[in-house]
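*Asks:* Listed in order, the protein sequences are those of chains A and B. Residues in the first sequence are numbered consecutively from 1, following the numbering used here. Residues in the second sequence are numbered consecutively from 1, following the numbering used here.
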Amino acid sequence: MTDTIELLEAIGSDASLRYASADILNGVLEQTHASAELMTAVAAGNGASLRVELGIQQVPQTPQSPTQLPGQEPDEEEEEEAPQSERCHSDHPSSLSFQ
Amino acid sequence: MTNTILPSLNVPGRGRLACVGLGMTLGSHLTPLARSHIVQADVVFAALSDAIAEEWLKRMHPDVRSLQPYYAEGKPRIKTYREWVALMMAELRTGKRVCGVFYGHPGIFAWSPHKVIEQAHAEGYEAHMEPGISAEDSLYADLGFDPGRYGCQHFEASQLLYCERRIDPAGYLVLWQVGVIGNRSVGRFDAGLAYRALLVERLGQDYPLEHEVIIYRGATLPIERPRIQRITLRELAEVPLTAEETVVLPPAVTLQPNRAMLERLQTLDAREKEGAAA
Chain A
1 MTDTIELLEA IGSDASLRYA SADILNGVLE QTHASAELMT AVAAGNGASL RVELGIQQVP
61 QTPQSPTQLP GQEPDEEEEE EAPQSERCHS DHPSSLSFQ
Chain B
1 MTNTILPSLN VPGRGRLACV GLGMTLGSHL TPLARSHIVQ ADVVFAALSD AIAEEWLKRM
61 HPDVRSLQPY YAEGKPRIKT YREWVALMMA ELRTGKRVCG VFYGHPGIFA WSPHKVIEQA
121 HAEGYEAHME PGISAEDSLY ADLGFDPGRY GCQHFEASQL LYCERRIDPA GYLVLWQVGV
181 IGNRSVGRFD AGLAYRALLV ERLGQDYPLE HEVIIYRGAT LPIERPRIQR ITLRELAEVP
241 LTAEETVVLP PAVTLQPNRA MLERLQTLDA REKEGAAA
């Protein structure tokens, strides 16, 4: 059986495979002896079965930036909830980064 | 692609830091330079959105340390981010080449990469950030709009509640982290829907409640397609949303000409023509 992570990397980096239909992609994967879980994932269009195969849980994505609290630098942010009235009183703009 | 014609330069014993982005989609977005930072590092820290992506990263380096376990229910996220910075700095101070790997772009909606680079610079270490393909980049491609055409504003959703901000409904509006609006700790999310209702009320000041709203989530695995759901602004108040979903409001009004400025431009052009003719 070919390694599932390697196959995912190969699919992700190949222009002919990345947007191939599930049927065509599974036809290609069948020839490489891909795992049943990977082929199920391709058919379903999501990775739930892969997490079973790899023995990992999908944790909910957590933001990597603090909730914007205007008037405070993020590193000065209080660890407890600030009163609502104090969340937008600053005379200087926030320094949080944006896309 | 790996460089095979030149030797890599490494200064032993001098710590160096790079924060890189893994991009959004496994196998598709990692840049050659970001991969090189990962491969050449002594230790790699990972804050990724998908455990499968973390498994992929482990194939690139034997010492990948996940930052995910530092989140905890009820623990303020900022405390977790500070711990991440401390972990990376501790390794840097021992003279190691440290690589922090973050999903998407390491400098977008990510506090600790900016902070650790700032701290590393302050202590005299070489440190920099390598950009990655972000959710925003994927969004333009998948939704098929160009932010340059009508303009595009981006806000972290909570900011629209806490601050007076001017929304321009003639351009696109992209709202991030709507699914966790008002939530500052992992697992504490009681007021989410109530906050969301207020967000819809705020948006209702600039858009009709029947205006189209797009809920977008990019593909993180290459066997996935982006998720694109179209609803109305009214429905945004109650639709289930996760942290990784982004809300996009297309323009609601047409661009209006700035007549005063156009007249002044015409005057300038006319003067230029007169000058050229003289």
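Don't be surprised by glycine CBs; every beta carbon is placed ideally from N, CA and C.
(1) Within the same chain, show all residues whose beta-carbon is closer than 8 Å to that of B/Gln256, passing over the 5 residues directly before and after it, in chain order.
(2) How far does the alpha helix (DSSP H) with B/Arg234 in it reach, from first residue to last?
(3) Could you tell me whether the Cβ atoms of B/Met329 and B/Pro147 are closer together than 7 Å?
(4) Tell me whether the segment 101-120 of chain B and the segment 12-27 of chain B touch, counting them as touching only if at least three CB pairs, one residue from each stretch, are closer than 8 Å.
(5) Okay, do the segment 7-16 of chain B and the segment 193-207 of chain B touch, 3+ Cβ pairs below 8 Å being the bar?
(6) Under the DSSP definition of a beta bridge, which residues are partnered with B/Ile215?
(7) Would you please verify whether the beta carbon of A/Asn26 is less than 7 Å from any beta carbon of chain B?
(8) Check whether the Cβ atoms of B/Val64 and B/Ala90 sit closer than 7 Å, and answer yes or no.
(9) Taking contact to mean at least 3 C-beta pairs separated by less than 8 Å, is the segment 66-83 of chain B in contact with the segment 124-144 of chain B?
(10) What does B/Glu224 reach in chain A if we use C-beta pairs closer than 8 Å?
(11) Given a threshold of 16 other Cβ atoms within 10 Å of its Cβ, counted over all protein chains shown, does B/Thr246 qualify as buried or as exposed?
(12) Less than 7 Å between the C-beta atoms of B/Leu173 and B/Leu249, yes or no?
(13) Suppose the cutoff is 8 Å on Cβ atoms and the five residues either side in sequence are ignored; what does the same chain contact list for B/Glu235 look like?
(14) When Cβ atoms are compared, which residues of the segment 10-29 of chain B fall closer than 7 Å to chain A?
(15) Tell me whether B/Lys273 is buried or exposed, calling it buried when 16 or more other Cβ atoms sit within 10 Å of its Cβ.
(16) Using a Cβ-Cβ distance cut-off of 7 Å, determine whether A/Glu30 contacts chain B.
(17) Which chain B residues sit within Cβ distance under 9 Å of A/Glu37?
(18) Applying a beta-carbon distance threshold of less than 7 Å, which residues of chain B neighbour A/Ser13?
(19) Just how far apart, CA to CA, sit A/Gly45 and B/Arg259?
(20) Could you check whether the Cβ of A/Ala20 sits closer than 7 Å to any Cβ belonging to chain B?
(21) Just the chain A side, please: which residues come within less than 9 Å of B/Arg59 by C-beta, in chain order?
(22) Would you call the CB atoms of A/Val42 and A/Leu17 closer than 7 Å?
(23) Are the CB atoms of B/Val43 and B/Val116 nearer to each other than 7 Å?
(24) Can you tell me the Cβ-Cβ gap for B/Leu199 and B/Ala157, rounded? I've got them flagged as a contact below 8 Å.
(25) Under 7 Å, do B/Ile52 and A/Leu50 count as touching if we go by C-beta distance?
(26) Any C-beta of chain B sitting closer than 7 Å to the C-beta of A/Ala41?
(27) Using a beta-carbon distance below 7 Å, is B/Glu235 in contact with chain A?
(28) Take A/Thr32 as the anchor and find which of A/Leu54, A/Glu6, A/Val52 has the nearest alpha-carbon.
(29) Going by beta-carbon coordinates alone, are B/Leu26 and B/Leu221 separated by less than 7 Å?
(30) Can you name the residues of chain A whose CB is closer than 8 Å to the CB of B/Ser112?
(31) Please report whether the beta-carbon of B/Glu245 lies at a distance below 7 Å from any beta-carbon of chain A.
(32) How close, in whole Å, do the beta carbons of B/Phe109 and B/Trp176 come, if the pair is a contact with beta carbons under 8 Å?
(33) Among residues of its own chain, excluding the 5 on either side of B/Tyr125, which ones have a beta-carbon nearer than 7 Å to its beta-carbon?
(34) Check each candidate in B/Tyr70, B/Ala237, B/Thr267 and name the one with the smallest Cα separation from B/Val180.
(35) Just confirm the distance between the C-beta atoms of B/Ile228 and B/Tyr216, as a whole number of angstroms; I'd bet it's less than 8 Å.
*Replies:* On the basis of the coordinates in this document:
(1) Ala170
(2) 233-236
(3) Any property of residue 329 of chain B remains undetermined from this structure, which presents chain B solely from 1 to 278.
(4) yes
(5) no
(6) B/Gln229, B/Val247
(7) no
(8) no
(9) no
(10) Gly45, Asn46, Gly47
(11) buried
(12) yes
(13) Val213
(14) Thr25, Leu26, Gly27, Ser28
(15) exposed
(16) no
(17) Under the 9 Å cutoff, chain B gives no residues; its nearest Cβ is about 11 Å from A/Glu37.
(18) Gly27, Ser28
(19) 51 Å
(20) no
(21) Asp3, Ile5, Glu6, Glu9
(22) no
(23) no
(24) 6 Å
(25) yes
(26) yes
(27) no
(28) A/Glu6
(29) yes
(30) Gln64
(31) no
(32) 6 Å
(33) Gly15, Arg16, Leu17, Leu92
(34) B/Ala237
(35) 6 Å
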